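Just below is one structure, and these are the notes that go with it.
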Amino acid sequence: MRWGRLWNEFYKNNDERIFTTSQPPDLHIEDFLNLHSFDPNIKILDSGCGGGKNTQLIYSRFKNTYGVDISEHAIIDAKKNLPEVNFSVQDVRELNFDNEFFDVVIDAGCMHVEHPKYNRKIAEEYHRILKPNGNFFIRLFYREEDKIIEQPIFFFDVETKQMPVYGYRYEDIVKLFDGLFKGFSYPADHKGTYFLDMRKI
Ligand SMILES: C[S@@+](CC[C@H](N)C(=O)[O-])C[C@H]1O[C@@H](n2cnc3c(N)ncnc32)[C@H](O)[C@@H]1O
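Per the working numbering, residue 10 is the first one in the sequence shown, and the count goes up by one each step.
Written out as structure tokens, the structure reads:
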């Protein structure tokens with residue numbers, strides 16, 4: 010699995026400890042959790058958790074926290090720092106969880122590093138593992154009008170042009186989550202990053 014290998018290499022050589030517990034969690038994840046005041050007993054998934062940067066915040070509030078990532082290296086590192094979290098190496102395109110297992114799924118930067126051809130499949134997986142009316146939060150980058158969706162907006166590895174990151178437009182998002190999730194309301198001219206706080210339909 011070439012894609013997984015590249016992310017694994019990234020974490021293997023991750024001297025700056027990017028996406029690990031040594032970095033502060035994202036403020037927008039904190040806002041999302043504060044806004045909803047979820048019951049502390051819920052089951053919650055940090056999807057594409059990397060080395061646990063956001064998982065550490067999630068776990069501080071919810072003991073039934075799960076984290077998955079395609080990189081074995083990232084998961085080993087995350088487990089070392091957060092031994093009580095249910096971490097596993099998994100591919101978000103085909104998750105190994107029962108239907109309706111989670112109350113909340115968070116995707117902070119995972120879907121938009123996968124090729125857009127997989128995005129509907131990933132959205133369907135999140136939908137499948139969420140309980141009825143479950144909450145889904147996702148962060149996605151914006152795509153300029155002159156770029157097509159398959160054209161990366163930048164590369165993690167700038168020199169080799171590997172590890173692409175893809176951007177979205179409002180209409181892409183509407184199509185991607187159609188019939189699966191509801192509740193986001195962002196202006197059609199929004200530019201920058203989308204923080205989408207949705208519910209399973
Ligand atoms: C931009 S990083 C974000 C990491 C973390 N969510 C954070 O905010 O610190 C994207 C993560 O998605 C993971 N990833 C990419 N494709 C994946 C896939 N198909 N299944 C699971 N994880 C994947 C990468 O290994 C990486 O850890």
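For each residue, glycine too, the CB sits at the ideal point set by N, CA and C.
Predicted model, so just to flag it, every value in this text is computed and none were measured.
Say yes only if the C-beta of residue i is nearer than 8 Å to one or more non-hydrogen atoms of ligand 1, and no if none qualify.
i    : result
Q99  : yes
D187 : no
D24  : no
D166 : no
V94  : no
E123 : yes
D40  : no
D86  : no
A132 : no
F19  : yes
F28  : yes
V113 : no
Is the distance from the Cβ of residue i to the Cβ of residue j below 9 Å?
i    : j    : result
K191 : I210 : yes
L205 : G176 : no
Y151 : R178 : yes
N90  : Q99  : no
L139 : F165 : no
Y203 : I157 : no
F96  : I115 : no
P125 : D181 : yes
I53  : T29  : no
L42  : R70  : yes
E109 : N17  : no
G60  : N23  : yes
If distances are taken between C-alpha atoms only, which option among the options comes closest to residue i?
i    : options                : result
S56  : M207, E123, A117       : A117
E93  : R102, I67, L104        : I67
I79  : P173, I182, N73, R102  : R102
V174 : N144, S69, D86, M120   : M120
P33  : N108, S46, F19, N63    : N63
H136 : E123, V122, D107, V167 : D107
V77  : C58, T29, A87          : C58
F47  : V113, L15, G61, G13    : V113
For residue i, which residues does DSSP report across the bridge?
i    : result
Y151 : Y177
K62  : The partner list for K62 (beta bridge, DSSP) is empty, contrary to what the question assumes.
N95  : Y75
Y203 : L149
Y56  : Checking the sequence shown, residue 56 turns out to be Ser, not Tyr. BP columns for S56 point to V77, D116.
D48  : Per DSSP, none; premise fails for D48.
Closer than 8 Å to a non-hydrogen atom of ligand 2 - does that hold for the CB of residue i?
i   : result
N63 : Because ligand 2 does not appear in the structure shown, any question about it cannot be addressed here, the ligands present being ligand 1.
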